[in-house]
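Asks:
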Ligand code: NDP
């Protein structure tokens, strides 16, 4: 453990010093069968944080056994109100541990403490409370059939069973809560694999799951590599559903592998989201909004506003205001209170983003600000605004997943069709932003954009009650809200002859 900072919470120090962190299977912390471990790294320094046991297919098998036992045993026998109270209790325990969890997430992922403390962890708490409330409210319905009055028909919403959940590194605990909340509220059992770069916060969560009193095996956490542990989950014949968040490339592999036993699949994948600023936009909101849309979480957000379309009339002024503000953003280690942009998550992601910066310059884009990475230690990239971008450039088409925006002018005040066509010209369709004070235009554009979420005069707002997911190659199915409950249940039709 290489954190020697007096600001680090004693619970975090203790967590990191406990030796290799174990897998959480059947309600117990266990070593992996192979005994292999991997290292979790602090991206602000490049130093090791701690070791974690690495799971393979045998560990996944063991987790499936434990999950099935819980599903057919105590979990399904528990009343709805007991289940609800348990999920609520978990939220209370997270709240009691907000500071150590926020710090651990910051150390493992790099993101600023002001975000983990004020956004990630509070959203996690809200999420569990929201789904605790759904447990006894989501059900089937009585259906009036056309046959005969003595034929009584109704539907039931039944849990799917053992669900595999595979999450990325950009919001580790939040992504876990998005997936766990709906799955547990509907009575499923879960095997969740964290990303190899950020395994720690869910292992802390595992301790709270134990304390909340969940029956053994209801929730199992697997740490390890995607092509080994992730593939073992996707290919497992007794896992009935996969919920995945990550790259479109891996999403396609998961869809293929899941087809072997017709697993239900929900995919939340990549994006290259357009953010459109009309000339009548309120600058005082649109400038910080456009900055937040791309620089929040170091740009490592699937819905980041990475393609910025600004009307020609205001293009120069808007970009100049944005660049001035961007050049003042405080970059530093996530644990520093003033830090607004932390390091990227890993050396690999740093190299990927560095490659895109070079590519952008080679292809003729002009970096108004940033355009470079910091020398180490740590994986820091300067917030970058590229102007003079055209839509054929690589930086305008591919998901960069870093603090890099590609700005492009558009023309024609009344003619929204052209900018909408350009915004929709992408294989992705996750998020989109519109900035205008004209309410008619706002709705027209929101309806015309091919995206699962459209933000008008705001960006990157999330709430447990609002569904989130993609159009096109950004995936299908929805996380959050009532929609997510549908993704974790099968519908059973029951026919009863009352004569
Ligand atoms: P991946 O899609 O590779 O990883 C997401 C999760 O899937 C991780 O837990 C990963 O494990 C796992 N995984 C990887 N391969 C397999 C497999 N064959 N079967 C089952 N599970 C697998 O994303 P990366 O971390 O590699 O990031 C690459 C790019 O993906 C980013 O640059 C970004 O463009 C995009 N991305 C999009 C995200 C989103 O929110 N939509 C989130 C993260 C990344 P492991 O961690 O071991 O690789």
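In this note's numbering, the protein residues as written are 5 to 503.
Every residue gets a Cβ at the ideal spot worked out from N, C-alpha and C, and that includes glycine.
1. Enumerate in chain order the residues of its own chain whose CB-to-CB distance from residue 501 is below 7 Å, with the five nearest sequence positions on each side excluded.
2. By Cβ distance below 6 Å, which residues in the same chain neighbour residue 471 in space, the five residues on each side in sequence not counted?
3. Using 10 angstroms around the beta-carbon of residue 301, count the other beta-carbons present and answer buried if the total reaches 16, otherwise exposed.
4. Report the partner residues of residue 411 according to the DSSP bridge assignment.
5. Taking 8 Å as the CB-CB limit, is residue 357 close to chain B?
6. Shorter than 7 Å, the distance from the beta carbon of residue 273 to the closest heavy atom of ligand 1, or not?
7. From what residue to what residue does the alpha helix (DSSP H) around residue 215 run?
8. When you compare each of 280, 169 and 279 to residue 235 by their alpha carbons, which one comes out closest?
9. In the DSSP assignment, what residue or residues form a beta bridge with residue 41?
10. Report buried or exposed for residue 267, applying the criterion of at least 16 other Cβ atoms within 10 angstroms of its Cβ.
11. Give the secondary structure of residue 157 by DSSP, where H, G and I count as helix, E and B as strand, and everything else as coil.
12. Determine the DSSP secondary structure at residue 298, reduced to helix, strand or coil.
13. Ligand 1 and residue 432: does any heavy atom of the ligand fall closer than 7 Å to the residue's C-beta?
14. Per the DSSP calculation, residue 162 is bridged to which residue(s)?
15. Spell out the partners DSSP gives residue 25 in its beta bridges.
16. Opposite residue 197 in the DSSP bridges: which residues?
17. Could you tell me the distance, in whole angstroms, from the CA atom of residue 403 to the CA atom of residue 179?
18. May I ask you to check if the CB of residue 235 is nearer than 7 Å to at least one heavy atom of ligand 1?
19. Does DSSP classify residue 188 as helix, strand or coil?
20. At 4 residues or longer, what runs of the alpha helix (DSSP H) sit wholly inside the stretch 305–388?
21. At a threshold of 7 Å, does residue 182 count as lining ligand 1 (C-beta to nearest heavy atom)?
22. Grab the span of the alpha helix (DSSP H) containing residue 398 for me, first residue to last.
23. Residue 99 by DSSP, collapsed to three states: which one?
Replies: According to the data block:
1. Closer than 7 Å at the Cβ level, and outside the excluded window around residue 501, lie 154 and 155.
2. The answer, listed in chain order, is 482, 484, 485 and 487.
3. The residue in question, residue 301, is buried, as its Cβ has 16 or more Cβ neighbours within 10 Å.
4. Residue 411 is bridged by DSSP to 312.
5. Reference to chain B is not applicable here, since this structure consists of a single protein chain.
6. yes
7. 204–216
8. 169
9. 57
10. When all chains shown are included, residue 267 counts as buried.
11. strand
12. helix
13. no
14. According to DSSP, which records beta bridges pairwise, residue 162 is partnered with 494.
15. 56
16. 170 and 226
17. 19 Å
18. yes
19. helix
20. List check, alpha helix (DSSP H) in window: 319–331 and 351–366.
21. Flag unset: Cβ of residue 182 not near ligand 1.
22. 398–401
23. helix
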